[in-house]
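Here is the structure we will look at.
Residue numbers (the working numbering): 1 to 326.
Below, the structure written as structure tokens:
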């Protein structure tokens, strides 16, 4: 707690809210003036309350905490807090009692002036970060699958299995809608149980990149298998439908048996819509001429759906052996 109030007042409030119970854990502003940065750094972890401080002292403390590698969040409501709010990694101002200057200097405004709202904001922020990872993970693995399908078909001496108009359909329809819906996934139930990410944390770890590549190669191998069995139309259908099925794998790092299929209703609707469009493209004669597809027999459709469901098996195994998949 950093405040301009009298030390006795600061200690009484800090004791009441459980921040500090001993006077030895308090430093005054005049003591800060006499200490070098090195001396103050050695006291930071032992000091819980700073009283009678100036705006300059607040900025100094923020920067010293940052120099130790901490991500610093600063809350305040007055003009005197504005420099420290600006210097902190995250500045939190009060929406009701805060001054305009404090709100302008902040990154986050608590509209209800309730500190506990910060916890909700952190949960929401972590959920957004996770959803970005899920959407990018999905798009990268799907695109790797498409590239692999074309590359290995040509490498093995076959004709190009997918036409440009078919790839355009896959990318605009069966990739885009599920990716958007993954961005609307509710936060994981255990999102607050893990420690925060460091400022240098990469969006994907090496193991995550490995998972993206292996999943993409698996999607591509399924499409290529369908091409060898039934030609271009089956390849097109399997590539599209397997990606739609794969979107459910990315909803959570927990098993589908734990999370279920219907936690994200928008994703379910996008799956039904895109799967229906894919089936119509194959089955309806007017669309067949546009997308260069042919009608499939009942057996061929059974093979298409069997192959398309296999990504669930692969990713469930990966989740079982690697709990940090996403």
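In this text, a Cβ means the ideal position worked out from N, Cα and C, and glycines have one as well.
Counting only the same chain and skipping the five closest in sequence on each side, list residues whose C-beta sits under 7 Å from that of residue 249.
To locate residue 249, count along the chain shown from 1; it is residue 249. Excluding residues within five positions, the ones whose Cβ falls inside 7 Å are 311, 312, 315.
Is the beta carbon of residue 308 closer than 9 Å to that of residue 369?
Since the first and last residues shown for the chain are 1 and 326, residue 369 lies out of range.
Within 10 Å of its beta-carbon, does residue 251 have 16 or more other beta-carbons around it, so buried, or fewer, so exposed?
For this step, residue 251 is matched to residue 251 along the chain shown. With 16 or more other Cβ atoms from the protein chains shown falling within 10 Å of its own Cβ, residue 251 counts as buried.
Buried or exposed, going by whether 16 or more other CB atoms sit within 10 Å of the CB of residue 146?
Within the chain shown, the letter at position 146 stands for residue 146. Label assigned to residue 146: buried.
If you reduce the DSSP assignment to three classes, tell me which class residue 75 lands in.
The residue given as residue 75 occupies position 75 in the chain shown. In the structure shown, residue 75 sits in a strand (DSSP, three-state: E or B).
Can you tell me which of 226, 102, 202 puts its alpha carbon nearest to the alpha carbon of residue 304?
Counting from 1 along the chain shown, the entry for residue 304 is found at position 304. For the residues 226, 102, 202, the minimum Cα distance to residue 304 belongs to 226.
Residue 230 burial status per 10 Å Cβ neighbour count (16 or more: buried):
Within the chain shown, residue 230 is the residue found at index 230, counting from 1. Buried: at least 16 other Cβ atoms inside 10 Å.
Using DSSP with H/G/I as helix, E/B as strand and the rest coil, what is residue 222?
Numbered from 1 along the chain shown, position 222 holds the residue referred to as residue 222. Looking at residue 222 - three-state DSSP - the assignment turns out to be helix.
Less than 9 Å separating the beta-carbons of residue 11 and residue 26?
If you number the chain shown from 1, residue 11 lands on position 11. If you number the chain shown from 1, residue 26 lands on position 26. It is a contact, given that the beta carbons lie within the stated cut-off.
Starting from residue 94, trace the beta strand (DSSP E) both ways and give me its first and last residue.
Within the chain shown, residue 94 is the residue found at index 94, counting from 1. 90-94 is the span of the beta strand (DSSP E), which, as asked, contains residue 94.
Which of helix, strand or coil does DSSP assign to residue 262?
Taking the first residue of the chain shown as position 1, residue 262 is located at position 262. If DSSP states are grouped into helix, strand and coil, residue 262 belongs with coil.
Tell me whether residue 204 sits in a helix, a strand or coil according to DSSP, three-state version.
Within the chain shown, numbered from 1, the residue matching residue 204 stands at position 204. Reduced to three states, the DSSP call for residue 204 is coil.
Going by C-alpha to C-alpha distance, which of 70, 104, 65, 60 sits closest to residue 78?
As a first step, residue 78 must be located in the chain shown, where it is residue number 78. Looking at the Cα atoms, 104 is the closest of the given residues.
What is the DSSP secondary structure of residue 26, reduced to helix, strand or coil?
On the chain shown, residue 26 is found 26 positions in, with the first residue counted as 1. Of the three classes helix, strand and coil, the one that applies to residue 26 here is strand, per DSSP.
Strand pairing of residue 51, partner residues [DSSP]:
As a working mapping, residue 51 is identified with position 51 in the chain shown. Looking at the DSSP assignment, residue 51 forms a beta bridge with 28.
Could you please give me the residues that DSSP links to residue 110 through a beta bridge?
The residue labelled residue 110 in the question sits at position 110 within the chain shown. Residue 110 pairs with 94.
State the DSSP-derived secondary structure class of residue 19, mapped to helix, strand or coil.
Working through the chain shown from its first residue, we reach residue 19 at position 19. In the structure shown, residue 19 sits in coil (DSSP, three-state: anything other than H, G, I, E or B).
Quick one, which of 163, 185, 170, 2 has its alpha-carbon nearest residue 135's?
In the chain shown, counting from the first residue as 1, residue 135 sits at position 135. With distances taken between CA atoms, residue 135 lies nearest to 185 out of 163, 185, 170, 2.
Is the number of C-beta pairs between the segment 208-223 and the segment 286-300 that are closer than 8 Å three or more?
No: fewer than three Cβ pairs fall under 8 Å.
Looking at residue 127: is its Cβ nearer than 9 Å to the Cβ of residue 187?
As a first step, residue 127 must be located in the chain shown, where it is residue number 127. As a first step, residue 187 must be located in the chain shown, where it is residue number 187. Yes. Within cutoff.
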